[in-house]
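**Student:** Following this message is one structure expressed as structure tokens.
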Amino acid sequence: MVFLKNVALVGATGTVGKYIVQELLKSGNHSITAITRVDSQGSMPDGVKVTRVDYDSKFSLVSSLKGHQVLIITMSPTAPSDSQQKLIEAAAEAGIPYIVPNGWGSDSTHASSDETFLGPGQRAAQKLIEDLGMIWIEFVCGTWYEFSLAGTSERYGFDFKERSVTFFDDGTARVNVSTWDQTARAVAAVLALDEKKEEGSDGLALTDLKNKNVYFSSFCISQKDMFKSVLRVTGTKEEDWKITHEVATERYKSGVELLMAGNRYGFARALYTRCFYTEEPGFGSSAYQTRHELYNKALGLPQEDLDTRTKVAIEMTKEA
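This is the structure we're talking about:
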């Protein structure tokens, strides 16, 4: 029997949340409760208990979280800024020992996380969890590959409708990226760990991850690697595309200016461009594998096929 059997999850119908639910259900190791707002209309798969809460009522939050051993928080960047704090404080009062905070993607230990506006909030959540006597485990997965490739040109620089791509600098800086499936597998693998190592075991245990980031990824690739995959999947050639270049630092600056002017697309431009700043030769700032050991092998994560995931992204553009 796994140690963290009773799981509460916020954002169970969201982008990554639904994949985590699917993977946890597949494992059959856990009892899963989806914590949703009173007015939520989202439907849940069989096997998931739904508890509706009033975020303005501490009693409602604490009551919904009692009896759980881990709280996983996956929330939209547009969620009220105090929502996570309320959840963490309620979890402490409910006696939950482990928290997976809403820090997906960004490496809060790196200076770039401050320039993408994500790091300060991540570190504040981590400190609050520790101050309240709980343990946090955060998953660092980089940007989500299919979602980002299929998105607007403000993300990886691709516009499939216009068949154009903008490379940041020369487009060769590699960064770590992950699929939603791989992220869910990593979460499920960690939640399946024993609390402590058995004598003589050299495998992972939850105690090894106490108040730490879990680094993993699907690929470490550049924009040009993505472009080559797109060409293979679509059967197009370079000359079929409009290719432009922008200086990464200038593009980042323009993104910040847009954001400060109230344009939400500026955040995506600043975030993604900053990821590709060249630091070590051939690697961008989001190539965290150059600074930290990846947990892929320890968690038993599979090696994914880039073209298969690129195809998924292209199908997403057709559905948009």
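UniProt numbering puts the sequence shown at residues 1 to 320. A virtual CB, placed ideally from N, CA and C, is assigned to each residue, including glycine. This one's a predicted model, so the numbers in the text were calculated from it and none came from an experiment.
Exposed or buried, which one is residue 107 when buried takes at least 16 other CB atoms within 10 Å?
**Tutor:** buried
**Student:** Taking 8 Å as the cut-off, does the stretch 120-132 touch the stretch 155-162 (at least 3 CB pairs, one atom from each stretch)?
**Tutor:** no
**Student:** Can you give the beta carbon distance from residue 177 to residue 221, rounded, assuming they're within the 8 Å contact cut?
**Tutor:** 7 Å
**Student:** Given this structure, state the Cα-to-Cα distance separating residue 61 from residue 13, to the nearest angstrom.
**Tutor:** 19 Å
**Student:** Below 7 Å CB to CB, which residues in the same chain sit around residue 280 once its five sequence neighbours on both sides are set aside?
**Tutor:** 290, listed in sequence order.
**Student:** Which same chain residues, not among the five before or five after residue 6, have their C-beta less than 8 Å away from its C-beta?
**Tutor:** Excluding sequence neighbours, residue 6 sits near 30, 31, 33, 67, 68, 69 and 70.
**Student:** Residue 169 and residue 233: beta carbons closer than 8 Å?
**Tutor:** no
**Student:** How many Å lie between residue 225 and residue 287 at the Cα?
**Tutor:** 14 Å
**Student:** Run the CB neighbour count on residue 249, radius 10 Å, all protein chains shown included, and call it buried at 16 or more, exposed below.
**Tutor:** exposed
**Student:** Rounded to whole angstroms, what's the CA-CA distance from residue 282 to residue 173? Just pull it up for me.
**Tutor:** 5 Å
**Student:** Could you pull out every residue in the same chain whose Cβ sits closer than 7 Å to the Cβ of residue 119, ignoring the five residues on either side in sequence?
**Tutor:** 106, 108 and 113
**Student:** Could you check what DSSP says for residue 273 in three-state terms: helix, strand or coil?
**Tutor:** For residue 273, the three-state secondary structure derived from DSSP is helix.
**Student:** Tell me which residues share the same chain as residue 115 and place their Cβ nearer than 6 Å to its Cβ, disregarding the 5 neighbours each side in the sequence.
**Tutor:** Excluding its 5 nearest sequence neighbours in each direction, residue 115 has C-beta neighbours in its own chain below 6 Å: 274, listed in chain order.
**Student:** Using the three-state DSSP reduction, which class does residue 146 fall into: helix, strand or coil?
**Tutor:** helix
**Student:** Do the stretch 303-316 and the stretch 186-193 touch if we need at least three Cβ pairs shorter than 8 Å?
**Tutor:** Segments in contact, no.
**Student:** Rounded to the nearest angstrom, what separates residue 26 and residue 48 at their Cα positions?
**Tutor:** 12 Å
**Student:** Where does residue 181 land, buried or exposed, given buried means 16+ other C-beta within 10 angstroms?
**Tutor:** Only buried fits residue 181, as 16 or more other CB atoms lie within 10 angstroms of its CB.
**Student:** On the three-state DSSP scale, how would you describe residue 98?
**Tutor:** strand
**Student:** What's the gap between the Cα of residue 90 and the Cα of residue 245?
**Tutor:** Each residue's alpha carbon lies about 48 Å from the other.
**Student:** Within a Cβ cutoff of 8 Å, which residues of the same chain sit near residue 322, ignoring the five residues on either side of it in sequence?
**Tutor:** There is no way to answer for residue 322, as the model of the chain reaches only from 1 to 320.
**Student:** Please state if the CB of residue 150 and the CB of residue 316 are separated by a distance shorter than 8 Å.
**Tutor:** yes
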